[in-house]
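Trainee: Read left to right, the sequence shown gives residues 130 to 579 (my numbering).
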Amino acid sequence: MRTTTPTHPHISGRWRRIGSAAAAATALALAGLGTAAHAEAATPHKVSAKTIAAQVAKAHVQYAKACAGTPKKGYAACDALRVTGGTTAFMEKQAAVKGVAPRTVSPNATASSPTGYGPSDIQSAYGLASAAASKGSGETVAIVDAYDDPNAASDLNTYRSYYGLPACTTANGCFTKVGQTGSTTSLPTADSGWAGEISLDLDMVSATCPNCKILLVEAKTASMANLGTAVNEAVKLGAKFVSNSYGGSESSSDSSYDSSYFNHPGVAITVSAGDSGYGAEYPAASQYVTAVGGTALKKASTTRGWSETVWNTSSTEGTGSGCSAYDAKPSWQTDTGCAKRTIADVSAVADPATGVSVYDSYGITAGWYTFGGTSASSPIIASVYALAGTPSSGSYPAKFPYAKAGTTALNDVTSGSNGSCSTSYLCTARSGYDGPTGLGTPAGVSAFTG
Numbered sequence: 130m131r132t133t134t135p136t137h138p139h140i141s142g143r144w145r146r147i148g149s150a151a152a153a154a155t156a157l158a159l160a161g162l163g164t165a166a167h168a169e170a171a172t173p174h175k176v177s178a179k180t181i182a183a184q185v186a187k188a189h190v191q192y193a194k195a196c197a198g199t200p201k202k203g204y205a206a207c208d209a210l211r212v213t214g215g216t217t218a219f220m221e222k223q224a225a226v227k228g229v230a231p232r233t234v235s236p237n238a239t240a241s242s243p244t245g246y247g248p249s250d251i252q253s254a255y256g257l258a259s260a261a262a263s264k265g266s267g268e269t270v271a272i273v274d275a276y277d278d279p280n281a282a283s284d285l286n287t288y289r290s291y292y293g294l295p296a297c298t299t300a301n302g303c304f305t306k307v308g309q310t311g312s313t314t315s316l317p318t319a320d321s322g323w324a325g326e327i328s329l330d331l332d333m334v335s336a337t338c339p340n341c342k343i344l345l346v347e348a349k350t351a352s353m354a355n356l357g358t359a360v361n362e363a364v365k366l367g368a369k370f371v372s373n374s375y376g377g378s379e380s381s382s383d384s385s386y387d388s389s390y391f392n393h394p395g396v397a398i399t400v401s402a403g404d405s406g407y408g409a410e411y412p413a414a415s416q417y418v419t420a421v422g423g424t425a426l427k428k429a430s431t432t433r434g435w436s437e438t439v440w441n442t443s444s445t446e447g448t449g450s451g452c453s454a455y456d457a458k459p460s461w462q463t464d465t466g467c468a469k470r471t472i473a474d475v476s477a478v479a480d481p482a483t484g485v486s487v488y489d490s491y492g493i494t495a496g497w498y499t500f501g502g503t504s505a506s507s508p509i510i511a512s513v514y515a516l517a518g519t520p521s522s523g524s525y526p527a528k529f530p531y532a533k534a535g536t537t538a539l540n541d542v543t544s545g546s547n548g549s550c551s552t553s554y555l556c557t558a559r560s561g562y563d564g565p566t567g568l569g570t571p572a573g574v575s576a577f578t579g
């Protein structure tokens with residue numbers, strides 16, 4: 130298995146291992162300047178929300194897959210996309226506020242300070258600031274990924290310190306890393322691609338639910354059997370919220386995977402819908418999980434202050450959606466254009482151009498990166514479930530948002546598409562439910578409680 134940084138020339142941009150050193154970020158943390166205020170500080174500049182929104186709309190990036198390409202049958206690839214060049218929405222926003230020309234991450238993919246959205250952006254966009262400040266204590270969000278990230282704990286600490294979030298360490302009982310058998314010492318082989326995925330997942334939980342504990346369960350390979358075993362271990366260890374940012378092609382084995390690994394009443398299990406545009410993948414197609422689609426998230430001159438459309442970069446790059454070929458339709462899903470399970474249920478930010486800030490150091494130049502992909506949206510939604518509170522015993526949390534369909538508890542995403550399909554709503558946004566964004570994005574936590 131690859132343990133070095135991959136290249137994928139068929140994706141916009143190439144993976145670059147060059148970048149500015151992380152010494153500046155480290156110095157900031159040591160000097161006690163790693164606070165949310167510092168991370169997003171800007172010299173005041175008189176500018177309207179409309180002007181900021183117009184500049185943010187110019188965001189354009191190149192990116193590469195963090196993990197290997199199309200996985201073989203019975204295996205999964207992570208859905209993380211690392212920005213390698215261009216100007217992100219966050220950078221455009223900062224430039225507009227300061228009244229200066231925007232920075233660019235080209236030619237370096239890394240930077241000494243964030244180039245993507247941070248915790249305050251995510252909490253603002255999804256109406257979570259109050260809940261993030263007061264809720265989440267006592268809840269554990271589990272992250273399931275393949276292979277080991279040796280720097281997971283230290284990178285997590287750097288991210289949280291920079292943004293002024295509470296420390297989450299092994300020593301204080303907030304962060305735990307185990308292998309798929311629950312061992313803290315018998316861990317998988319390290320892999321730089323999946324390490325990037327792990328950093329993204331841990332940082333998104335931190336950004337969304339800073340008071341939550343985090344459990345990282347590392348599968349020994351990216352096979353569905355090992356990843357599923359890791360899901361079972363996460364539940365066995367007490368997690369009521371489990372995020373899975375990976376997927377592979379559907380198969381006739383999916384129904385057995387469902388019963389063996391994903392049927393956990395009373396546990397909110399979220400899964401990325403995929404990054405290849407229209408088309409179903411597993412385990413997002415499982416009837417027992419919350420399938421999470423992806424949006425482009427931009428500043429807007431509206432009451433909310435943000436706008437969202439379907440994430441779609443090209444015909445092969447965008448949020449996944451579709452109609453499962455194998456998995457049964459859950460009883461709470463009532464759309465009529467798909468006889469089986471429809472993907473997705475809800476959504477959150479995933480477009481790399483409007484991507485999120487991540488600190489990563491394993492196998493690459495240590496520093497701040499911007500990530501996208503539905504690998505970002507899955508842990509965000511898992512963390513929103515955690516902010517909403519422990520699901521009742523015997524419940525299926527994937528059902529919860531459907532009780533709030535069409536209400537102000539969700540931001541309905543009504544524009545954009547992720548490809549072509551014979552049943553329009555499976556690939557094109559509309560009012561109400563649609564495949565690419567499901568019922569919409571969080572507007573607070575009320576749609577995620579039973």
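Where is the CB? At the ideal position from N, CA and C, for every residue including glycine.
No experiment lies behind these values; they were computed from the predicted model shown.
Bridge partners for TRP435 per DSSP, in chain order?
Mentor: Working through the sequence shown from its first residue, we reach residue 435 at position 306. Per DSSP, LYS428.
Trainee: How close, in whole Å, do the beta carbons of ALA209 and GLY302 come, if the pair is a contact with beta carbons under 8 Å?
Mentor: One-based indexing of the sequence shown puts residue 209 at position 80. One-based indexing of the sequence shown puts residue 302 at position 173. Not a contact, Cβ separation roughly 27 Å.
Trainee: So what does DSSP say about THR442, is it helix, strand or coil?
Mentor: Reading the sequence shown from its first residue, position 313 is the one you call residue 442. Reduced to three states, the DSSP call for THR442 is strand.
Trainee: Contact between the stretch 484-494 and the stretch 454-465: three or more CB pairs below 8 Å?
Mentor: The stretch 484-494 and the stretch 454-465 do not touch, with fewer than 3 CB-CB distances between them shorter than 8 Å.
Trainee: Got a sec, what are the start and stop residues for the alpha helix (DSSP H) GLY603 sits in?
Mentor: Beyond the ends of the chain as shown, which are 130 and 579, falls residue 603; an answer cannot be given.
Trainee: Would you kindly work out how many angstroms separate the C-alpha atoms of ALA183 and ALA534, rounded to a whole number?
Mentor: Indexing the sequence shown from 1 puts residue 183 at position 54. Indexing the sequence shown from 1 puts residue 534 at position 405. Each residue's Cα considered, the two are about 30 Å apart.
Trainee: Restricting to Cα atoms, I'd like to know which of GLY395, HIS189, GLY518, TYR276 is closest to ARG232.
Mentor: Numbered from 1 along the sequence shown, position 103 holds the residue referred to as residue 232. Closest option to ARG232, Cα to Cα, is HIS189.
Trainee: ILE251: which of ALA473, TYR204, SER241, SER335 sits nearest, CA to CA?
Mentor: Position 122 of the sequence shown, counted from the first residue, corresponds to residue 251. Considering only alpha carbons, the answer is SER335.
Trainee: Looking only at its own chain, which residues have a Cβ that is under 7 Å from the Cβ of ALA152, when we skip the five neighbours before and after it?
Mentor: Here residue 152 corresponds to residue number 23 of the sequence shown, with the count starting at 1. In this prediction, ALA152 has a pLDDT of 38, which is less than 50 and means its spatial position is unreliable; nothing more can be read from the coordinates.
Trainee: May I ask you to report which of helix, strand or coil DSSP gives SER553?
Mentor: Within the sequence shown, the letter at position 424 stands for residue 553. The answer is helix: DSSP assigns SER553 an H, G or I state.
Trainee: Can the beta-carbon of GLY247 be found less than 9 Å from the beta-carbon of SER486?
Mentor: Position 118 of the sequence shown, counting from 1, holds the residue named residue 247. Position 357 of the sequence shown, counting from 1, holds the residue named residue 486. Contact: yes.
Trainee: Could you give the DSSP three-state label for LYS201: helix, strand or coil?
Mentor: Against the sequence shown, residue 201 aligns to sequence position 72. Reduced to three states, the DSSP call for LYS201 is coil.
Trainee: In whole angstroms, give me the CA-to-CA distance for LYS369 and VAL346.
Mentor: Within the sequence shown, numbered from 1, the residue matching residue 369 stands at position 240. Within the sequence shown, numbered from 1, the residue matching residue 346 stands at position 217. One C-alpha to the other measures close to 14 Å.
Trainee: Measure the C-alpha to C-alpha separation of ALA156 and SER549 and round it to an integer number of angstroms.
Mentor: As a first step, residue 156 must be located in the sequence shown, where it is residue number 27. As a first step, residue 549 must be located in the sequence shown, where it is residue number 420. Only weak support is given to the placement of ALA156: the predicted model assigns it a pLDDT of 36, under 50, and the value that follows is read from those uncertain coordinates. Near 49 Å, if we compare the C-alpha coordinates of SER549 and ALA156.
Trainee: Could you check if ARG211 is buried or exposed, using at least 16 other CB atoms within 10 Å of its CB as the buried criterion?
Mentor: If you number the sequence shown from 1, residue 211 lands on position 82. Burial call: buried.
Trainee: Report yes if the C-beta distance between ILE472 and SER450 is below 9 Å; otherwise report no.
Mentor: Along the sequence shown, read from residue 1 onward, the residue named residue 472 stands at position 343. Along the sequence shown, read from residue 1 onward, the residue named residue 450 stands at position 321. Yes, Cβ-Cβ distance for ILE472 and SER450 is below 9 Å.
Trainee: What is the rounded straight-line gap between the Cα of SER529 and the Cα of THR578?
Mentor: Here residue 529 corresponds to residue number 400 of the sequence shown, with the count starting at 1. Here residue 578 corresponds to residue number 449 of the sequence shown, with the count starting at 1. Residue 529 is actually Phe in this sequence, not Ser. Near 6 Å, if we compare the C-alpha coordinates of THR578 and PHE529.
Trainee: Per DSSP, what are the beta-bridge partners of TRP497 in this structure?
Mentor: If you number the sequence shown from 1, residue 497 lands on position 368. As computed with DSSP, TRP497 is found in a beta bridge with ALA240, TYR488.
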